[in-house]
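To keep things clear, I will list the structure first and then write my remarks on it.
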Amino acid sequence: MVGHRFVEALRSRDAAGTWRVTVLSEEADAAYDRVGLTAYTEHWDRAQLALPGNDYAGDDQVELRLGCAVAEIDREARTVHTVTGESFEYDALVLATGSYAFVPPVPGRDLPGVHVYRTLDDLDAIRASAKSAMDSKSPVGVVIGGGLLGLEAANALRQFGLRTHVLEMSPHLMSAQLDEAGGTLLNRMMRGLGIEVHTAVGTDSIAPVQRHKPLRKSDVDDSMRISLNDGSTIDAGLVVFAAGVRPRDELARAAGLDMAQRGGVLTDLSCVTSDPNIYAIGEVAAIDGRCYGLVAPGYTTAEVVADRLLGGEAEFPGADMSTKLKLLGVDVASFGDAKGVTPNCLEVVVNDPVKQTYAKLVLSDDAKTLLGGILVGDASAYGVLRPMVASELPGDPLALIAPVSDGDAPALGVAALPDIAQICSCNNVTKGDLKEAICGGCDDVPSLKKCTLAGTSCGSCVPLLKQLLEAEGVEQSKSLCEHFSQSRAELFEIISATEIRTFSGLIERFGTGKGCDICKPTIASILASTSSDHILAGEQASLQDSNDHFLANIQKNGSYSVVPRSPGGEITPEQLILIGEIARDFDLYTKITGGQRIDMFGARVEQLPQIWARLVEGGMESGHAYGKSLRTVKSCVGSTWCRYGQQDSVNMAVEIEKRYRGLRAPHKIKMAVSGCARECAEAQSKDVGIIATEQGWNLYVCGNGGMSPRHAQLLAGDLDDETLIRYIDRFLMFYIRTADRLQRTAPWLEAMDGGLDHLREVVCNDSLGLAEEFEAAMERHVDGYACEWKGVLEDPEKLSRFVSFVNAPDVDDPTITFTERAGRKVPGATDIGMPKIRGFQEAK
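Its first residue numbered 587, the sequence shown is counted upward by one per residue in the working numbering.
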């Protein structure tokens, strides 16, 4: 990555073509995003990690040689020799050899199932070993090292389906970035997510498990036994070392260049080595004796050397060692003097173990200047806080990290930052640089990124770019993201008109790049809204978020919930018995929800198909609790049983739930039907609310619960059954076509020109002439509906996605406390998650 940045920097500044560059790369792949290495396990497509322009196509001044490792540097002849026998002369030599994964001298480190976590080839090898481990008697993976890289490796092993252990010599995870309190919370959160964390332990040895001679090939056990220095052992099928990195300085060392005391090629602030014709950049460079293991300072060294080769006098200004990580749904960030080593510094801490958040700010002794901080569980303030390091705070420090009340605005934004604040640490871009670019004509995020390089590396500062544009009064486009200039509504129309049915086809014709976490699930939702294709079929499966990926809601302990549909709250005695038997057999926690469903919690991934096979056989179907779709239609008992009921609310609720089940939308949709004005079903807090009258039904729309509750508004009154359904069809299709991504119906209506009056004209009076089209689209949905879980059970390829990540013995985790509710064990009030997931019990 740093070598590629150097070539880009040099070529962009060397208009006269003074320098010709030859790039010699040991790896077979051109420069790729090693920071995003874990994402490779989600798609296994190397091209998706390729850095833009890494082939230097069309640039005659750059020659790229892949798979061409250098064997020797001849400083006197100014020549490098490769392992293939080739020689290249140089006027200047830039060492960008990076680091290698450190493997401590543990006996057994060279066994076949032991790997490091560093390159794409490493991940391919880990994937092969993980498959063997899953097929063996030890579907367990062990990561040695609990730092940034170790947690990324643990995330990858868990995605492979292995029960994962992390071994860390320090008392807590990420000890280089977090203090004791933050690290302790992270330990608990990882354990709650199904990852076993062992701290303050070292690895003594790794050895093959000695078992009896197998009688059959299927009995072969290739597992290893990891012996720890506390006397315990772990049997595993796969071991990954992520115990840190060491600079790849062997070429420089052999060439006689000066080395730093702890390794790395010694350089001055201009990144020149003890040989004035040789420079070192990135992780191999020990600048004034110190190596920097992050991409941001590496990029800075690349810029310094590019400037020096063209006659400049740039020097390394120091490094921002801030880090931000989000894995398994857990946010972690540290910045500046995170551990408070500055003399006489002050600390402001908010520690909430119930909500699983920890925030600390380190301040100067007068409490005016921010020196650093740590965020665990909620790192949303990182983007604004990190640029404020070394700056005077705009207000009360506690207010910057205290929890935000519902409906309150965030405590501060990018407007509060001074112009010298560094918005993008990876590329050393300040707020002032961005403002200058905006004044120069950059009017959207893509143009800001192209002009300043901000947001082009790790991407964590991209939200701030949009905030800054808005703060500077630049009207923002409605582009879905940087890959699509169209809005979600425009993309909906494009897909409908062109009948494009794949993300790749859409982005090739109407977008740019490879897509992101914004456009992929959005396009997946549109594709699901415009056809009855199964969401896990073909390419579309890779676009889904974590819930749709497994057709279940992931819970905070890493297990999943199972929610069968109960239309209108109706359920038969046989179905009640079936749910009870399943909950008993799989040891699931059961709860009757406010949406009149029975939820079952605590299922492991590989149990989901087994559970749903029994539910489907019993006549039940997916309740879509995991999807941005219709969730529930709540009802009272209506005129069937209630003496006040004016219409049959139950029958109407059942009818509309069956009609709109599986309908994908920009956000979740909830409905309710009340049999009279007493409103027992609470219809006026729903996206679609129906209340019975003596003459028929009143239709209310755009009510939402949640953090910003909204009352639904009356759209039309005294409707007969047929008209009611017609209006709901039109309303839903209009919403699905025109709302922004993740926009509930209430804010959609608030943002609509003309508001409720316009909506009434469209739905009731067909002012746009689209009523017939809306109704036809809904009929296609109704005709094409099929239970998604039934589709999974009938397709072996889809079933293969549901692999285990937990294989816990039938014991409780001593770190988790429990209490009794309704005769069942549930987590204690201050604990982090659900009960420890049990081992599998074969369903009777």
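Each residue gets a CB set at the ideal place from its N, CA and C atoms; glycine is no exception.
If you're wondering where the values come from, they're calculated on a predicted model, not measured in any experiment.
For residue 886, no beta strand (DSSP E) run applies; the uninterrupted alpha helix (DSSP H) run containing it begins and ends at 881-895, by DSSP. Under the DSSP definition of a beta bridge, residue 607 partners with 648. Residue pairing by DSSP places residue 680 opposite 865 in a beta bridge. DSSP places residue 1069 outside both helix and strand once states are collapsed to three, so it counts as coil. Annotation: the continuous beta strand (DSSP E) that includes residue 1010 extends over 1008-1010. The beta carbons of residue 1092 and residue 1109 sit about 6 Å from each other, so the pair counts as a contact at 8 Å.
Per the C-alpha coordinates, the member of 880, 938, 893 and 849 positioned closest to residue 874 is 849. DSSP, reduced to helix, strand and coil, places residue 1299 within a strand of the structure shown. Restricted to the stretch 1206-1267, the beta strand (DSSP E) segments that are unbroken, complete and at least 3 residues in length are 1216-1221 and 1255-1260, listed in chain order. With fewer than 16 other CB atoms across the displayed protein chains lying within 10 angstroms of its CB, residue 954 is exposed. Taking all protein chains shown into account, residue 670 has fewer than 16 neighbouring C-beta atoms within 10 Å of its C-beta and is therefore exposed.
The stretch 684-691 makes no contact with the stretch 839-848; the number of CB pairs closer than 8 Å stays below 3. For the options 1053, 988 and 1115, the alpha carbon positioned closest to that of residue 1020 is the one of 1053.
The alpha-carbon separation between residue 735 and residue 728 amounts to approximately 13 Å.
Beta-bridge pairing by DSSP links residue 877 to 872. In this model, residue 1008 and residue 973 are separated by some 5 Å (Cα to Cα).
With contacts defined by Cβ atoms closer than 9 Å, residue 1250 and residue 1272 do not form a contacting pair. Here the alpha carbons of residue 1071 and residue 1024 stand approximately 19 Å from one another. Between the stretch 1375-1385 and the stretch 1253-1270, the count of C-beta pairs closer than 8 Å stays below three; the two stretches do not touch. In the structure shown, the three-state DSSP call for residue 1089 is helix.
Taking a cut-off of 8 Å on C-beta distances, the stretch 624-637 touches the stretch 736-753, as three or more cross pairs fall below it.
Annotated three-state conformation of residue 1061 is coil, per DSSP. Counting only unbroken stretches of 4 or more residues, the alpha helix (DSSP H) elements lying wholly within the stretch 690-726 are 706-721, in sequence order. Straight-line spacing of the CA atoms in residue 1222 and residue 1187 works out to 26 Å. Two segments are said to touch when three or more pairs of C-beta atoms, one from each, lie closer than 8 Å; by this definition the stretch 968-982 does not touch the stretch 770-784.
Segment contact: the stretch 862-877 against the stretch 770-780, fewer than three CB-CB distances shorter than 8 Å; contact not assigned.
Its Cα nearest to that of residue 1313, the residue 1351 stands out among 1351, 792 and 818. By the 16-neighbour rule on beta-carbons within 10 angstroms, residue 1162 is exposed. The C-beta distance from residue 594 to residue 705 rounds to 21 Å, too long to fall under 8 Å, and the pair is not in contact. When DSSP assignments are scanned along the stretch 728-798, the uninterrupted stretches of alpha helix (DSSP H) that are 4 or more residues long and fall wholly within it turn out to be 734-746 and 766-778. Per the C-alpha coordinates, the member of 726, 778, 1286 and 950 positioned closest to residue 942 is 778. The alpha-carbon separation between residue 642 and residue 687 amounts to approximately 28 Å. When DSSP reads this structure, residue 675 sits in a beta bridge with 665. For residue 1019, the enclosing alpha helix (DSSP H) has its first and last residue at 1017-1025. Below 8 Å, too few C-beta pairs join the stretch 1238-1250 and the stretch 1087-1107 to call them touching: fewer than three. Residue 1235 is positioned such that its CB atom lies closer than 9 Å to that of residue 1278.
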